[in-house]
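> What follows is a structure written as structure tokens; I'll ask about it next.
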Amino acid sequence: ILMERKTRVKINRKEVMLAKLRKSCSCTPQKLKNFLMDFFPVLRWLPKYRIKEYIWGDVMSGLVIGIILVPQAIAYSLLAGLKPIYSLYTSFFANIIYFLMGTSRHVSVGIFSLISLMVGQVVDRELLLAGFDLNDDVPPVSSDGSLQNDNLSNTTAFNLTIVGINAGCGKECYAIGIATALTFMAGVYQVLMGIFRLGFVSMYLSESVLDGFATGASLTILTAQVKYLIGIKIPRSQGHGMLVITWINIFRNISQANLCDVITSAICIVVLVTAKELGDRYKHKLKFPLPTELVVIVVATLVSHYGKLNEVYASSVSGAIPTGFIPPKVPEFNLMLRVALDALPLAIVSFVFTVSLSEMFAKKYAYTIRANQEMFAVGFCNIIPSFFHSFATSAALAKTLVKTSTGCQTQISGVISAMVVLLVLLFLAPLFYSLQKCVLACIIIVSLRGALRKFRDVPARYHVNKVDTLVWVVTMSASALVSTEIGLLVGIVFSMLCIIVRTQRPRTALLGQIQDTSFYEDDLEYENLSTVPKVKIFRFEAPLYYANRNYFLKSLYRLTNLDPNLEAARRKKHEKKEKQHLKKGNHRTANGLGIGETTLQLVPKQIDFQALVVDCSSISFLDTTGVNTLKEILKDYKNLNISVLLACCNPSVIDSLKRGGYFGKDFGCMQEMLFYSIHNAVLFAKDQK
């Protein structure tokens with residue numbers, strides 16, 4: 001059967017590009033209106049807002065998320081190495097901007113533990129390079145802005161002068177300067193990715209890579225909080241191997257543990273974990289989640305204040321949190337250059353988590369999102385707040401699940417949450433002065449339950465797919481033991497290498513016929529398959545390209561038990577010996593046979609087939625090397641009077657073979673070399689003489 005291919009209409013790409021360019025450069029009132037409504041999706045859905053149907057769920061979910069956001073914002077400031085006020089700014093601005101620009105109705109955008117950790121690592125590194133002490137309890141700042149320690153003051157002033165910052169800028173000022181510069185660059189990258197439609201980058205972060213990265217980063221977060229749990233003073237480790245170095249320092253200084261902090265941490269963790277477990281077990285009976293974190297923070301603050309835990313037991317507390325807003329400031333350009341490389345993984349991780357959560361909940365609630373607009377939204381959630389002393393944001397799974405479970409319908413709930421945070425910013429922030437840092441560490445550690453539970457899923461993951469489990473383990477280990485950025489890079493590279501190895505050494509098989517049918521399957525996998533006389537059927541389950549060419553040939557020669565090159569060489573050697581004997585006039589050959597019998601000896605007995613059928617159903621594409629490889633085996637087997645037939649080729653493979661000259665110049669032999677089913681090829685081979 002020879003099926004006729006449809007004639008493709010040739011497209012003038014130049015004309016198409018010019019038409020698109022003219023269309024994009026034109027400006028009409030309708031086009032401007034569409035652009036604004038696309039860029040600010042709130043203009044589309046807000047006029048259609050169903051107040052009676054949606055308002056109660058949005059208000060409830062907004063209040064609950066706002067109540068959760070406040071303690072989390074204060075706690076995550078420890079991860080970012082910044083003061084709590086900046087976390088509150090971040091939570092406020094992110095909710096407002098995503099309300100205007102986001103396309104997801106349900107995701108909660110704001111501070112996220114992994115993003116805060118990545119920001120904190122860059123901030124710590126730059127503080128160390130600038131000569132600041134990474135310990136939380138630094139010498140007080142004098143009236144002129146310099147540190148009281150003379151040596152440290154001189155070092156700081158020198159290094160800050162190098163990076164172009166005013167030497168009077170203290171540790172807190174420099175830290176937020178680094179964070180805002182990093183956030184601004186991350187937002188710029190995300191907007192540029194949106195402009196150039198580079199959202200496909202997220203496809204290279206597989207589920208195994210993301211889960212491994214999140215779990216490894218969670219181990220790092222947990223490790224960083226242990227010193228607050230037990231109240232010891234150790235330096236914040238920097239660079240590769242931070243997790244191991246931190247644990248070594250913890251055990252070296254364990255004797256200095258603050259008993260007050262240890263007891264407080266134990267009580268808080270028991271209360272938080274118990275409340276979370278009860279909430280998970282009875283969530284179908286609860287109309288909204290219990291605000292356990294807020295209750296714990298309020299009670300702990302009251303106990304710390306009236307018990308004077310800081311003065312009596314030297315328990316570390318949050319300190320003064322100012323009210324109101326600090327005047328906006330443009331991020332420092334010189335600092336942007338220092339953190340430009342660090343901002344790239346931050347931008348990718350932030351975008352990937354936001355889009356993946358948006359798509360997950362859009363699918364669950366039957367609506368669509370625009371991934372490119374999501375990139376713009378999260379980009380501007382970083383760019384604009386960076387002028388207002390905020391740091392990088394992303395969507396967070398835990399808060400998004402809470403939003404949906406409390407009746408969220410639209411991003412109006414985000415505005416309500418922002419109002420709750422604003423209330424704290426304007427009036428309530430100073431009340432958290434006496435809040436112990438160990439309480440904040442407990443909140444962070446308990447929030448990592450979901451990521452740390454991934455360890456329980458390893459056996460099930462291994463049962464489903466061993467390679468994906470290996471990718472998870474490698475990414476998790478690199479993220480925890482080396483650094484989060486390196487871990488993410490290692491995970492991406494390793495997952496790609498796994499794909500390359502899979503295509504480089506794919507499954508190969510000889511096929512047998514299912515009895516009394518026209519179907520063929522792997523002879524090693526299935527019982528009761530019959531061998532087709534004089535025909536070998538070879539299947540290669542991968543694209544055929546330069547990296548697996550040698551494996552293709554080796555597998556073919558091994559399974560058919562015939563290497564045509566070796567057989568041809570053996571025959572030439574045999575013929576040469578026979579000619580030498582004939583020249584000497586000896587009518588008896590080296591084998592002791594007559595000349596007439598020699599011809600029979602030239603066809604070896606081990607060749608038990610006269611046709612080779614290559615099942616191309618799993619070959620998705622051929623490159624130049626792949627085409628040349630098929631041409632090579634066609635020629636080599638032809639020299640042994642064995643025909644090579646191709647079956648089940650897709651149109652792309654057929655086109656590659658045509659362009660590569662596999663069927664000859666006029667395609668005249670195509671009907672005798674290409675078949676649309678294995679059975680047709682087998683029947684043709686049987687009919688051959």
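Residue 1 is where the sequence shown starts when you use the UniProt record's numbering, and the numbers rise one by one after that.
Note that CB positions come from ideal geometry on N, CA and C, so glycine has one too.
(1) Sort Ala-94, Leu-182, Thr-103 by Cα distance to Ala-80 and report the nearest one.
(2) Roughly how many angstroms separate the alpha carbons of His-284 and Asn-310, rounded to a whole number?
(3) Curious, which full-length alpha helix (DSSP H) runs of at least 4 residues does the region 433-458 contain?
(4) If you drop the 5 nearest sequence neighbours on each side, which residues of the same chain put their C-beta closer than 6 Å to that of Leu-488?
(5) Tell me where the alpha helix (DSSP H) around Phe-552 begins and ends.
(6) Roughly how many angstroms lie between the CA atoms of Val-109 and Val-352, to the nearest whole one?
(7) Can you check whether the CB of Leu-481 is closer than 8 Å to the CB of Leu-243?
(8) For Leu-612 and Ala-685, what's the separation of their Cα atoms in angstroms?
(9) Is it right to say Val-296 is buried, meaning 16 or more other beta carbons lie within 10 angstroms of its own, or is it exposed?
(10) Could you give the first and the last residue of the continuous alpha helix (DSSP H) run that contains Asp-261?
(11) Checking 8 Å against the spacing of the C-beta atoms, do Ala-377 and Tyr-98 come in under that value?
(12) How would you call Leu-622, buried or exposed, if buried means at least 16 neighbouring beta carbons within 10 angstroms?
(13) If you check the beta carbons only, do Pro-543 and Thr-508 fall under 8 Å apart?
(14) The alpha helix (DSSP H) spanning Asp-655 covers which residue range?
(15) I think Leu-435 touches Ala-300, with their Cβ atoms under 8 Å apart; what is that distance to the nearest whole Å?
(16) Taking all protein chains shown into account, decide if Met-37 is buried (16 or more other Cβ within 10 angstroms of its Cβ) or exposed.
(17) Quick check: what's the CA-CA separation for Asn-528 versus Phe-519?
(18) Between Ala-320 and Tyr-433, is the Cβ-Cβ spacing less than 8 Å?
(19) If you follow the beta strand (DSSP E) that Leu-612 is in, where does it begin and where does it stop?
(20) By the 10 Å Cβ neighbour count, where 16 or more other Cβ atoms means buried, how is Gly-239 classified, buried or exposed?
(21) Are the beta-carbon atoms of Ile-619 and Val-59 separated by less than 8 Å?
(22) Please return the same chain residues whose Cβ sits closer than 7 Å to the Cβ of Leu-127, not counting the five positions on each side in sequence.
(23) Less than 8 Å between the C-beta atoms of Pro-41 and Ile-443, yes or no?
(24) Starting from residue 694 and walking both ways along the alpha helix (DSSP H), at which residues does that stretch end?
(25) Which residues does DSSP list as the beta-bridge partners of Ile-537?
(26) Can you give me the C-alpha to C-alpha distance between Met-476 and Lys-454, rounded to a whole angstrom?
(27) Quick check on the DSSP output: the beta strand (DSSP E) that includes Ala-509 runs from which residue to which?
(28) Between Leu-510 and Lys-536, is the Cβ-Cβ spacing less than 8 Å?
(29) DSSP three-state call for Leu-286: helix, strand or coil?
(30) In its own chain, which residues sit with a C-beta less than 8 Å from the C-beta of Asp-523, not counting the 5 before and 5 after it?
(31) Do you know how far the Cα of Ser-356 is from the Cα of Asp-687?
(32) Using 10 angstroms around the beta-carbon of Val-119, count the other beta-carbons present and answer buried if the total reaches 16, otherwise exposed.
(33) Flag this pair as yes or no: are the beta carbons of Asn-342 and Arg-236 separated by less than 8 Å?
(34) With a threshold of 16 other CB atoms inside 10 Å of the CB of Val-467, please say whether the residue is buried or exposed.
(35) Taking the straight line between their C-alpha atoms, what separation do you get for Leu-32 and Lys-48?
Once the coordinates are examined:
(1) Position 80 of the sequence shown holds residue 80. Answer by Cα proximity: Leu-182.
(2) In the sequence shown, counting from the first residue as 1, residue 284 sits at position 284. In the sequence shown, counting from the first residue as 1, residue 310 sits at position 310. Between His-284 and Asn-310, the C-alpha separation is close to 41 Å.
(3) Within the region 433-458, the complete alpha helix (DSSP H) runs of at least 4 residues are 437-447, 449-452.
(4) Residue 488 sits at position 488 when you count from the first residue of the sequence shown. Excluding positions up to five away in sequence, the list reads Phe-213, Pro-345.
(5) Here residue 552 refers to the residue found at position 552 when the sequence shown is read from its first residue. Segment 549-560, the alpha helix (DSSP H) holding Phe-552.
(6) Sequence index remark: in the sequence shown, residue 109 carries index 109 (1-based). Sequence index remark: in the sequence shown, residue 352 carries index 352 (1-based). If you take the alpha carbons of Val-109 and Val-352, they lie about 13 Å apart.
(7) For the purposes of this step, residue 243 is identified with residue 243 of the sequence shown, where counting begins at 1. For the purposes of this step, residue 481 is identified with residue 481 of the sequence shown, where counting begins at 1. Using a Cβ distance threshold of 8 Å, Leu-243 and Leu-481 count as a contacting pair.
(8) Looking up residue 612 in the sequence shown gives position 612. Looking up residue 685 in the sequence shown gives position 685. Taking the Cα positions, Leu-612 is about 9 Å away from Ala-685.
(9) As a first step, residue 296 must be located in the sequence shown, where it is residue number 296. By the neighbour-count criterion, in which 16 or more other beta carbons inside 10 Å mark a residue as buried, Val-296 falls on the buried side.
(10) For the purposes of this step, residue 261 is identified with residue 261 of the sequence shown, where counting begins at 1. Residues 259-281.
(11) For this step, residue 377 is matched to residue 377 along the sequence shown. For this step, residue 98 is matched to residue 98 along the sequence shown. Yes.
(12) Stepping through the sequence shown from its first residue, residue 622 is reached at position 622. The C-beta of Leu-622 has 16 or more other C-beta atoms within 10 Å across all chains shown, which makes the residue buried.
(13) To locate residue 543, count along the sequence shown from 1; it is residue 543. To locate residue 508, count along the sequence shown from 1; it is residue 508. No, Cβ-Cβ distance for Pro-543 and Thr-508 is not below 8 Å.
(14) For the purposes of this step, residue 655 is taken as residue 655 along the sequence shown, with counting starting at 1. Its alpha helix (DSSP H) spans residues 651-659.
(15) In the sequence shown, residue 435 corresponds to position 435, counting from 1. In the sequence shown, residue 300 corresponds to position 300, counting from 1. Contact between Leu-435 and Ala-300 holds, with the beta-carbon distance rounding to 6 Å and staying under 8 Å.
(16) By 1-based counting over the sequence shown, the position of residue 37 is 37. Looking at its Cβ environment, which holds fewer than 16 other Cβ atoms inside 10 Å, Met-37 is exposed.
(17) Here residue 528 refers to the residue found at position 528 of the sequence shown. Here residue 519 refers to the residue found at position 519 of the sequence shown. Rounded to the nearest angstrom, the two C-alpha atoms are 13 Å apart.
(18) Reading the sequence shown from its first residue, position 320 is the one you call residue 320. Reading the sequence shown from its first residue, position 433 is the one you call residue 433. Yes; because the gap between Cβ atoms is below 8 Å, this pair is in contact.
(19) Taking the sequence shown and counting its residues from 1, the one referred to as residue 612 is at position 612. Residues 609-615.
(20) Within the sequence shown, residue 239 is the residue found at index 239, counting from 1. Gly-239 is exposed by the Cβ-count criterion.
(21) Translated into the one-based positions of the sequence shown, residue 619 becomes position 619. Translated into the one-based positions of the sequence shown, residue 59 becomes position 59. No.
(22) Counting from one through the sequence shown, the residue named residue 127 turns up at place 127. Excluding positions up to five away in sequence, the list reads Leu-134, Lys-171, Tyr-174, Ala-175.
(23) Counting from 1 along the sequence shown, the entry for residue 41 is found at position 41. Counting from 1 along the sequence shown, the entry for residue 443 is found at position 443. One thing to note: Pro-41 has its Cβ no nearer than 8 Å to the Cβ of Ile-443.
(24) Given that the chain is displayed from residue 1 to residue 689, the structure contains no residue 694 and the question cannot be resolved.
(25) Locating residue 537 in the sequence shown gives position 537, where the first residue counts as 1. The beta-bridge partner set that DSSP reports for Ile-537 consists of Val-613.
(26) Working through the sequence shown from its first residue, we reach residue 476 at position 476. Working through the sequence shown from its first residue, we reach residue 454 at position 454. Rounded to whole angstroms, Met-476 to Lys-454 spans 11 Å at the Cα level.
(27) Indexing the sequence shown from 1 puts residue 509 at position 509. Ala-509 -> beta strand (DSSP E) spans 508-514.
(28) Along the sequence shown, read from residue 1 onward, the residue named residue 510 stands at position 510. Along the sequence shown, read from residue 1 onward, the residue named residue 536 stands at position 536. The Cβ atoms of Leu-510 and Lys-536 lie closer than 8 Å to each other.
(29) Start at 1 with the first residue of the sequence shown, and residue 286 comes out as number 286. The three-state reading of DSSP puts Leu-286 in coil, since its state is none of H, G, I, E or B.
(30) Translated into positions along the sequence shown, residue 523 becomes position 523. Closer than 8 Å at Cβ, skipping near neighbours: Ala-509, Leu-510, Leu-511, Gly-512, Leu-529, Thr-531.
(31) Stepping through the sequence shown from its first residue, residue 687 is reached at position 687. Stepping through the sequence shown from its first residue, residue 356 is reached at position 356. About 56 Å.
(32) Locating residue 119 in the sequence shown gives position 119, where the first residue counts as 1. So Val-119 ends up on the buried side.
(33) Here the question's residue 342 lines up with position 342 in the sequence shown. Here the question's residue 236 lines up with position 236 in the sequence shown. Checking the sequence shown, residue 342 turns out to be Asp, not Asn. The answer is no: Cβ separation not under 8 Å.
(34) Stepping through the sequence shown from its first residue, residue 467 is reached at position 467. Counting the other Cβ atoms within 10 Å of the Cβ of Val-467 gives fewer than 16, which makes it exposed.
(35) The count along the sequence shown starts at 1 and reaches residue 32 at position 32. The count along the sequence shown starts at 1 and reaches residue 48 at position 48. Taking the straight line joining both Cα atoms gives about 21 Å.
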